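K.L.:
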Amino acid sequence: MVSEQITIWGIGILLAFFIPIVISNRIIGLNINKEMIISVARMIVQLLLVGIYLQFLFQWNYAWLNILYIGIMVIVSAMTIIKSCKLKKSRFFLLLFAGIGIPLFASVFLLTGVVLQIDNMFDARYTITLSGMLLGNCMRSIIISFNTFYNDMRENEDTYLLYLSLGASRAQAVKPTIIKAMEAALKPAIATMMTIGLVSLPGMMTGQMLGGSLPLTAIAYQIIIMAAIFILQYTGISVMLRIAVNISFTKRDMLRKDIFAKNN
Amino acid sequence: MNNKVIVLNNIVHSFDGRQVLKNLSFSVGYGEKLIFNAPSGFGKSTIFNMIMGYVQPDSGSVIVDGVEVNEDTAKDVRSRIAFLPQNMALPNITLKQFVEMIEKFDANAELGLDIDILNNLFKELQLPDDVCNMKLSSLSGGEKQRLMLAIVIAMNKKILLLDEALSGVDIDRAGRVLNYLSGKKDLSIIFISHDARHIGVGDFREMEVKANGI
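As you go down the protein sequences, you meet chains A and B in turn.
Each residue of the first sequence is one higher than the one before, starting from 1 at the first, in my numbering.
Each residue of the second sequence is one higher than the one before, starting from 1001 at the first, in my numbering.
(1) Are the C-beta of residue 127 of chain A and some C-beta of chain B separated by less than 8 Å?
(2) Is the separation between the beta-carbon of residue 204 of chain A and that of residue 225 of chain A shorter than 8 Å?
(3) So, is residue 18 of chain A buried or exposed, given that buried needs 16 or more other C-beta atoms within 10 angstroms?
(4) Using CA atoms only, rank isn't needed, just tell me which of B:1196, B:1024, B:1159 and B:1207 is closest to residue 1181 of chain B.
(5) Does any residue of chain A have a CB that is nearer than 8 Å to the CB of residue 1106 of chain B?
(6) With DSSP as the reference, label residue 1019 of chain B as helix, strand or coil.
(7) My assumption, with CB atoms under 8 Å, is that residue 1006 of chain B sits in contact with residue 1060 of chain B. Please give the rounded CB distance.
(8) Please name the residue in B:1168, B:1052, B:1014 and B:1019 whose C-alpha comes closest to that of residue 1161 of chain B.
(9) From the beta carbon of residue 1082 of chain B, is the nearest beta carbon of chain A less than 8 Å away?
(10) Using a Cβ-Cβ cutoff of 7 Å, what residues of the segment 137-170 of chain A are near chain B? List them in chain order.
(11) I need the DSSP call for residue 1113 of chain B, collapsed to helix, strand or coil.
(12) Quick one, which of A:16, A:228 and A:169 has its alpha-carbon nearest residue 1104 of chain B's?
(13) Hey, does residue 202 of chain A have any beta-carbon neighbour from chain B nearer than 8 Å?
(14) Contact between the segment 1069-1078 of chain B and the segment 1031-1049 of chain B: three or more CB pairs below 8 Å?
(15) What does residue 1102 of chain B reach in chain A if we use C-beta pairs closer than 9 Å?
(16) Can you give me the start and stop residues for the alpha helix (DSSP H) that residue 167 of chain A sits inside?
(17) Using the Cα positions of residue 1139 of chain B and residue 1088 of chain B, report the straight-line distance between them to the nearest angstrom.
(18) By a C-beta neighbour count over all protein chains shown, 10 Å radius and 16 as the cutoff for buried, is residue 1143 of chain B buried or exposed?
(19) To which residues does DSSP link residue 1094 of chain B through a beta bridge?
(20) Using a C-beta to C-beta distance shorter than 9 Å, which residues of chain B count as neighbours of residue 262 of chain A?
(21) Residue 1110 of chain B: buried (16+ other C-beta within 10 angstroms of its C-beta) or exposed?
(22) Quick check on DSSP: helix, strand or coil for residue 1183 of chain B?
(23) Less than 8 Å between the beta carbons of residue 112 of chain A and residue 126 of chain A, yes or no?
(24) Hey, is the segment 92-104 of chain A in contact with the segment 46-56 of chain A, meaning 3+ C-beta pairs nearer than 8 Å?
(25) Return the residues of the segment 245-262 of chain A that lie within a Cβ-Cβ distance of less than 7 Å from chain B, sorted by chain order.
(26) What residues are listed by DSSP as bridge partners for residue 1068 of chain B?
(27) Cα separation between residue 244 of chain A and residue 1063 of chain B?
Printed below as a string of structure tokens:
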């Protein structure tokens, strides 16, 4: 099967539907037009650039270049987490880079080398696409888990201090907060797996089928991707929360203020 | 100083660039009960956090039960103190499960919380008869405060720090609780309260608090 080529004309027709949306927003006073137009424009430009870049990357297919590209993706993820959670870069960057990078490489190796048994495990077609999917999901769950962890620590400091006073070690006193953070980060993935195929067809699977793959092939890929995403999310947040507990408290067990960015 | 369980010497402390404590000194004797009717912004949480070893004063010293509080001694000092804060988000489990959880805490390896002693304390502090089977999250604020008080009394700590810990308890019950605590002769207590009606109840000695010092 060969996928139908999408023409610029076709894309243009679809984008034209944003015009009545802009008008409707103006009429009802929904003040999102500027943001919406910028986000659509950014999406098109960013995807075009990455498309052009990936085209070359797939063509050259140098293992070192692919690894470098994944390294850059990990750096961007680490910076996004730091910014979203308002953390201090100097304290978190290297830890996030290693805490995400190592489990990511292990997951990609597991998928390409063991599950898919591809000869060249650094083949751009597999490594880069799989890394992108895994990384995006892992980054989102770390952001949710960090935000939940630090917000809960600040909101429920009294309870944390009560547990310490009742004889808990720091690890025991933060355990309820860690559980909350893990639940908040993992529940969306569990809910997605629960309803996948019933409520919605996942984007990757749909894309594969539109690209010409047989449904059963697309489903097999989707299953391994969903499982790998969950495993990486679980590993990533477990590692990062453990690191957070180690570096976020003073020797006297109080939450450090100097781990957050100054404007926090 | 040997008959003092808590001693604060010339404490100076700033927070966020603002000096919250200036040359603060006071002491509490063994078995003594103090009540602070502190104005807000006085830095009461900071004082408790220093006694518990969570916060290091900019200058001055804190001595608890003969031990100077510092990074190395903080854990040991905490094992002698029970601290009850005003706001407690207790987990959604039963009292029995909660007691089991406390018994598993690192510092409580040899602690056995006797359920009969706890039941007697619950009666003394006028908690509902079926409190043992109730989920902690279903208790009112005042019930949670009295329940935690019963638990820490049963843990036989030497020192009790109460930070607005009876704010949710009606004045009659609070009076009974304070009278009951006055009868615990070995227990040293610092009770911070914004409720003037708590002053003069039981054996609690009132400590006048002025901004930035005592």
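Glycine residues also receive a C-beta, built at the ideal position from the N, C-alpha and C atoms.
Being a predicted model, the structure only gives us computed values, none of them experimental.
P.N.:
On the basis of the coordinates in this document:
(1) In the first sequence, the residue the question calls residue 127 of chain A occupies position 127. Interface criterion not met: the Cβ of residue 127 of chain A is under 8 Å from no Cβ in chain B.
(2) Here residue 204 of chain A corresponds to residue number 204 of the first sequence, with the count starting at 1. Here residue 225 of chain A corresponds to residue number 225 of the first sequence, with the count starting at 1. It is a contact, given that the beta carbons lie within the stated cut-off.
(3) The count along the first sequence starts at 1 and reaches residue 18 of chain A at position 18. Exposed, by the Cβ-count rule.
(4) Walking along the second sequence from the start, residue 1181 of chain B turns up at place 181. The option with the nearest alpha carbon to residue 1181 of chain B is B:1159.
(5) One-based indexing of the second sequence puts residue 1106 of chain B at position 106. Judged by the 8 Å Cβ criterion, residue 1106 of chain B is in contact with chain A.
(6) Here residue 1019 of chain B is taken as the residue at index 19 of the second sequence, counted from 1. In the structure shown, residue 1019 of chain B sits in a strand (DSSP, three-state: E or B).
(7) Taking the second sequence and counting its residues from 1, one reaches residue 1006 of chain B at position 6. Taking the second sequence and counting its residues from 1, one reaches residue 1060 of chain B at position 60. The Cβ separation is near 13 Å, so there is no contact.
(8) As a first step, residue 1161 of chain B is located in the second sequence; it is residue number 161 there, counting from the start. Out of B:1168, B:1052, B:1014 and B:1019, B:1052 has the C-alpha closest to the C-alpha of residue 1161 of chain B.
(9) If you number the second sequence from 1, residue 1082 of chain B lands on position 82. By this cut-off, residue 1082 of chain B is an interface position.
(10) Answer in chain order: 156, 158, 159, 161, 162, 164, 165, 166, 167, 168 and 169.
(11) On the second sequence, residue 1113 of chain B is found 113 positions in, with the first residue counted as 1. The answer is coil: DSSP assigns residue 1113 of chain B none of H, G, I, E or B.
(12) Working through the second sequence from its first residue, we reach residue 1104 of chain B at position 104. Closest option to residue 1104 of chain B, Cα to Cα, is A:169.
(13) Here residue 202 of chain A is taken as the residue at index 202 of the first sequence, counted from 1. Not one chain B Cβ lies under 8 Å of residue 202 of chain A.
(14) no
(15) Within the second sequence, numbered from 1, the residue matching residue 1102 of chain B stands at position 102. By Cβ distance, chain A contributes 163, 166, 167 and 168.
(16) As a working mapping, residue 167 of chain A is identified with position 167 in the first sequence. Element bounds for residue 167 of chain A: n/a, residue is neither H nor E.
(17) Counting from 1 along the second sequence, the entry for residue 1139 of chain B is found at position 139. Counting from 1 along the second sequence, the entry for residue 1088 of chain B is found at position 88. Their Cα atoms are separated by approximately 11 Å.
(18) For the purposes of this step, residue 1143 of chain B is identified with residue 143 of the second sequence, where counting begins at 1. With 16 or more Cβ atoms within 10 Å of its Cβ, residue 1143 of chain B is classed as buried.
(19) The sequence position of residue 1094 of chain B within the second sequence is 94, counting from 1. Paired residue(s): B:1135.
(20) The residue labelled residue 262 of chain A in the question sits at position 262 within the first sequence. Here the premise fails: no neighbours, minimum Cβ distance about 12 Å.
(21) Position 110 of the second sequence, counting from 1, holds the residue named residue 1110 of chain B. Its Cβ having fewer than 16 others within 10 Å, residue 1110 of chain B is exposed.
(22) Translated into positions along the second sequence, residue 1183 of chain B becomes position 183. Residue 1183 of chain B falls in the coil class under three-state DSSP.
(23) Indexing the first sequence from 1 puts residue 112 of chain A at position 112. Indexing the first sequence from 1 puts residue 126 of chain A at position 126. Yes.
(24) no
(25) 251, 252, 253 and 254
(26) Here residue 1068 of chain B refers to the residue found at position 68 of the second sequence. Per DSSP, B:1063.
(27) In the first sequence, the residue the question calls residue 244 of chain A occupies position 244. In the second sequence, the residue the question calls residue 1063 of chain B occupies position 63. Straight-line spacing of the CA atoms in residue 244 of chain A and residue 1063 of chain B works out to 31 Å.
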